[in-house]
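No gaps in the numbering here: position 184 of the sequence shown is 688 in my numbering, and each next residue is one more.
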Amino acid sequence: MFGYVLPDCEKLSVRDYTLYRSLYCGICMATKARYGNLPRFTVNYDITTFALLALEAEEPKLEFGMCRCIGDPRKKPYVKVCAFTERMADLNILLCAHKAKDDLIDSGKKTSLAMRLLKKPYEKAKAALPEIDAVMERRYAALREAETAGETSLDRACDHFASLLADTFALMCLGGRDECYSAAMRKLCYNVGKFVYLADALDDLDEDYKAKRYNPVLAFAPGYMGDRREYFAEHGDALRFAVSSTINRAIESSNALVFTQANDLVRNIVYEGMRKKAEELFSSERKLGSPRVYIPKRTAKEFRKAMKAEKKGK
Numbered sequence: 505m506f507g508y509v510l511p512d513c514e515k516l517s518v519r520d521y522t523l524y525r526s527l528y529c530g531i532c533m534a535t536k537a538r539y540g541n542l543p544r545f546t547v548n549y550d551i552t553t554f555a556l557l558a559l560e561a562e563e564p565k566l567e568f569g570m571c572r573c574i575g576d577p578r579k580k581p582y583v584k585v586c587a588f589t590e591r592m593a594d595l596n597i598l599l600c601a602h603k604a605k606d607d608l609i610d611s612g613k614k615t616s617l618a619m620r621l622l623k624k625p626y627e628k629a630k631a632a633l634p635e636i637d638a639v640m641e642r643r644y645a646a647l648r649e650a651e652t653a654g655e656t657s658l659d660r661a662c663d664h665f666a667s668l669l670a671d672t673f674a675l676m677c678l679g680g681r682d683e684c685y686s687a688a689m690r691k692l693c694y695n696v697g698k699f700v701y702l703a704d705a706l707d708d709l710d711e712d713y714k715a716k717r718y719n720p721v722l723a724f725a726p727g728y729m730g731d732r733r734e735y736f737a738e739h740g741d742a743l744r745f746a747v748s749s750t751i752n753r754a755i756e757s758s759n760a761l762v763f764t765q766a767n768d769l770v771r772n773i774v775y776e777g778m779r780k781k782a783e784e785l786f787s788s789e790r791k792l793g794s795p796r797v798y799i800p801k802r803t804a805k806e807f808r809k810a811m812k813a814e815k816k817g818k
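Structural data, given as structure tokens:
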């Protein structure tokens, strides 16, 4: 379900790219410190975006360093392991474990590789964040009830995961914030969560159709026969409206907030990244590949040129 909320890379500055990658790598290194190497592969862009919003809400003091990893031997900046990145690592393990459990129940199998790999990390993360785990248990149980009942309302189907993300953020990050700020940030997180659930459903159309699994999009607009282009020609307007409305509500919520840590990056994700991902989903004829966050070549070239000029000036 994860990997749908990320920046529009063509509009990323060097500074914003560096911050985003530093958060991603920081959560990965914190995961290694707390859980070992294997669980590091669960780190994804959606938890990085969650961490970015948490950075805005909490304003923690972060230290940056340079590191190498098994995925890329080159040195790159990262947020050093601290209480903040450890909590994000714990949260990511909980999210992935509950997603793996939900997938297992859907499959009807007794166990899965993901569940076996996450068993011990999940117990540790649950002990660290018991209230968050309880929220996820409750929300996923309600989600499974809706799916079993064949819920046809997109809003009602999406509400459970959207509320899960909003409740989680409120418990973890909004304790010291005023009511107005908390309400706007909670609404933003709710609509980001709703977007993730809708994006996952659109991406999984083929898989769910072939496996005869519940899919909120197919329940809302039945008639899919394996051809995405034909299906969107018939139902695209209604589905685009649902997704666009969700993005617009996220934008509306972000407009009510002042971002002091990474304003341009957050607004890139909310204004540009989510809309770009939606267009990819509606234009693709198959499931999307693994996402990638990169820096535009022209921006990287300009950055290197500026650095050389600065060195010559010294």
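Ideal Cβ positions, reconstructed from N, Cα and C, are used throughout, including at glycine. None of these values were measured; they are calculated from a predicted model.
Self-check item: Residue closest to C600, alpha-carbon to alpha-carbon, out of G507, Y521 and S787
Solution: G507
Quiz prompt | Rounded straight-line distance, which links the Cα of Y694 to that of L675 | solution = 13 Å
Quiz item: In the DSSP assignment, what residue or residues form a beta bridge with P795?
Solution: Its beta-bridge partners do not exist; DSSP assigns none.
Quiz item: Between the beta-carbon of L706 and the beta-carbon of L658, is there less than 7 Å?
Solution: no
Exercise. Give every residue of the same chain whose Cβ lies closer than 8 Å to the Cβ of P564, excluding the five residues on either side of it in the sequence, and list them in chain order.
Key: The residues are C586, A587 and F588.
Quiz item: What did DSSP end up calling C690 once you bin it into helix, strand or coil?
Solution: Contrary to the premise, residue 690 reads as Arg rather than Cys in this sequence. Three-state DSSP puts R690 in a helix.
Self-check item: Closest by C-alpha distance to I636, when choosing among A653, R660, D610 and D594
Solution: D594
Quiz item: Can you tell me where the beta strand (DSSP E) with D731 in it begins and where it stops?
Solution: For D731, there is no enclosing beta strand (DSSP E), since its DSSP letter is neither H nor E.
Practice problem: On the DSSP bridge assignment, give the partners of K571 in chain order. | Solution: According to the sequence as given, residue 571 is Cys; it is not Lys. Paired residue(s): K580.
Quiz prompt | Meets three-Cβ-pair contact criterion under 8 Å: the segment 752–768 and the segment 682–701 | solution = yes
Quiz item: Which one of L598, S611, S517 and Y644 has the shortest CA to CA distance from E627?
Solution: L598
Exercise. List in chain order: all unbroken beta strand (DSSP E) runs of 3+ residues lying wholly within the segment 534–568.
Key: none
Quiz item: Out of curiosity, what's the CA-to-CA distance linking L792 and L510?
Solution: 14 Å
Quiz prompt | Coarse secondary structure for G633, derived from DSSP in three states | solution = Residue identity differs from the one stated: residue 633 is Leu in this sequence, not Gly. Here L633 sits in coil by DSSP.
Quiz item: When the Cα atoms are used, what is the spatial distance from Y798 to M533?
Solution: M533 has its alpha-carbon roughly 20 Å from the corresponding atom of Y798.
Quiz item: Hey, quick one: how far does the alpha helix (DSSP H) through R591 stretch, first residue to last?
Solution: A587 to S611
Quiz item: Leaving out five residues before and five after Y644 in sequence, what residues of the same chain have Cβ atoms less than 6 Å from its Cβ?
Solution: The beta carbon of Y644 lies closer than 6 Å to those of H602 and D606 in the same chain, with the five residues before and after it left out.
Self-check item: Three-state class that DSSP yields for E756 in the structure shown
Solution: helix
Quiz item: Nearest to T652 by CA position, among K536, R717 and K515, is which residue?
Solution: R717
Quiz item: Quick one: does I751 have its CB under 7 Å from some CB of chain C?
Solution: Annotation note: the requested chain C is absent from the structure, which comprises a single protein chain.
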